[in-house]
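Since the structure comes first, as structure tokens, the remarks are kept for the end.
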Amino acid sequence: MTENLRPSGAHSTDQDPTPYASPYTYDGTAHAGTAYDGTAYAGTAGGYPPPPPYAPTSRRRAKRPVALLAAVALAAGVIGGGTATLVGQLNGEGSGATGSGGAVNGTTVSQSSKGTVSGVAEAVSPAIVEIGAASSAGNSTGSGVVITGDGEIVTNNHVISGAQQIQVTLSTGKTYTADVVGTDPDKDLALIKLRNASGLKTATLGDSSQVKVGDQVVAIGSPEGLTGTVTSGIVSALDRDVTVAKDDSGSSGQGQGQERQGGGQQWPFEFGGQQFNGDTGEETTTYKALQTDASLNPGNSGGALINMDGEIIGINSAMYAPSSSASGSGSAAGSVGLGFAIPVNTLKADLDTLRAGDGS
């Protein structure tokens with residue numbers, strides 16, 4: 000029999016079935032333990048204690064919540080991104096739909112509000128003004144669209160024709176005196192400019208060639224002097240031949256058809272060989288108009304017809320009022336959903352002429 004030369008406390012081998020029975024220390028004191036065969040052990044110091052049973056378990060459990068949280072965060076990110084993409088597609092974001100890149104740039108609807116009437120109204124209303132024109136026929140009211148920060152404003156020729164004094168009220172309530180820059184009676188367009196104005200909110204001119212029947216639109220103006228009135232509807236038809244009076248010689252005696260505040264008088268126009276809202280007189284002009292069912296009333300003339308991206312697609316110019324079609328005077332019944340607007344591309348093509356005053 001050979002002598003066992005293992006030092007006291009050394010581990011046993013497969014050839015030595017003697018249980019491990021060495022005590023161990025990890026805090027300066029000896030501890031009894033359990034041998035590999037399930038019996039208690041109590042060896043000498045210097046043995047190799049098994050690690051505390053809770054240590055590895057603690058390390059494994061510490062990793063799992065971190066990994067789980069990371070997975071949840073990643074999944075939320077993927078789902079959130081997918082939702083944002085879907086909402087963007089439903090709202091038309093990222094579609095690449097833009098205006099025609101006209102000469103005038105201004106405020107448009109934010110991405111979060113695009114496609115809503117309230118979003119269009121909030122974005123564009125600061126660029127829509129009320130125009131008060133004083134002439135020998137009396138005081139009248141109309142609307143206009145600010146296209147430059149220093150106060151260039153587009154409106155209808157019939158709103159300011161014959162005016163001896165023009166006063167403009169912004170959406171903030173601030174008032175300016177304005178001068179006529181140029182007019183084009185053949186297109187019923189005019190350009191006026193505020194005196195000593197700067198830093199104004201401006202509108203964006205869109206592309207009326209992209210307008211389709213059924214497109215949702217918003218109209219903003221000052222009907223009956225109610226500044227900043229917002230209505231909405233759709234484009235009902237394209238390329239309507241609308242005929243309007245060119246000057247104040249109309250036999251209806253309405254003073255160039257200017258829309259007198261509270262007077263119920265309307266801009267007379269002709270369509271399909273019939274005259275509406277009074278006699279258009281001898282001097283008339285005809286243009287292709289956008290038809291809309293957005294409510295228009297006296298005072299909306301010169302205001303904006305706007306698409307859901309906040310771009311101006313037309314200048315409101317005429318409306319049909321049934322009570323006035325029966326007689327040349329009397330109170331109006333109000334809008335019946337037949338309104339007309341000059342396409343904005345007509346305006347854009349005429350801007351240089353208006354600025355030069357050549358059409359006056």
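Take 0 as the starting number for the sequence shown in numbering that gives the first Met the number 0 and just add one per residue.
Each residue gets a CB set at the ideal place from its N, CA and C atoms; glycine is no exception.
Residues of its chain near residue i, where Cβ-Cβ distance is below 8 angstroms and the 5 sequence neighbours each way are ignored
i           : result
residue 213 : 233, 234
residue 179 : 159, 162, 165, 189, 190, 191, 359
residue 356 : 180, 181
residue 174 : 166, 167, 168
residue 124 : 170, 219, 227, 229
residue 314 : 144, 153, 154, 155, 188, 301, 302, 303, 304, 340, 341, 343, 346
residue 177 : 130, 150, 152, 165, 166, 167, 191, 192, 193, 194
Residue i and residue j closer than 7 angstroms at C-beta
i           : j           : result
residue 204 : residue 305 : no
residue 219 : residue 302 : yes
residue 148 : residue 193 : no
residue 239 : residue 290 : yes
residue 129 : residue 226 : yes
residue 241 : residue 270 : yes
residue 221 : residue 142 : yes
residue 288 : residue 216 : no
residue 245 : residue 282 : yes
Neighbourhood of residue i by C-beta, 7 angstroms cutoff - its chain only, sequence neighbours within 5 removed
i           : result
residue 133 : 162, 163, 164
residue 344 : 206, 207, 208
residue 187 : 155, 156, 157, 243, 284, 286, 316, 341
residue 196 : 149, 150, 175
residue 354 : 180, 181, 190
residue 279 : 242, 243, 244, 249, 267, 268, 269
residue 334 : 294, 295, 296, 318
Endpoints, the beta strand (DSSP E) within which residue i is located
i           : result
residue 340 : 338-342
residue 160 : Counting along the chain, residue 160 falls outside any beta strand (DSSP E), and DSSP gives it neither H nor E.
residue 212 : Residue 212 -> no beta strand (DSSP E), and no H or E assigned at all.
residue 288 : 283-291
residue 180 : 174-183
residue 146 : Premise fails: residue 146 is in no beta strand (DSSP E) and is neither H nor E.
residue 315 : 310-318
residue 238 : 228-244
residue 136 : Careful: residue 136 lies outside any beta strand (DSSP E) and carries neither H nor E.
residue 303 : 303-305
residue 269 : 268-270
residue 190 : 188-193
Among the options, the one whose alpha carbon lies nearest that of residue i
i           : options            : result
residue 118 : 152, 309, 146      : 309
residue 140 : 334, 175, 300, 195 : 300
residue 349 : 297, 278, 176, 184 : 184
residue 352 : 223, 224, 337, 153 : 153
residue 201 : 172, 211, 146, 231 : 146
residue 307 : 172, 210, 334, 138 : 210
residue 337 : 237, 224, 278      : 237
residue 126 : 223, 172, 279      : 172
residue 224 : 114, 334, 297, 116 : 297
The alpha helix (DSSP H) enclosing residue i, as first and last residue numbers
i           : result
residue 123 : 116-123
Residues near residue i in its chain [Cβ-Cβ closer than 6 angstroms; skip 5 each side]
i           : result
residue 116 : 217, 231
residue 131 : 140, 166
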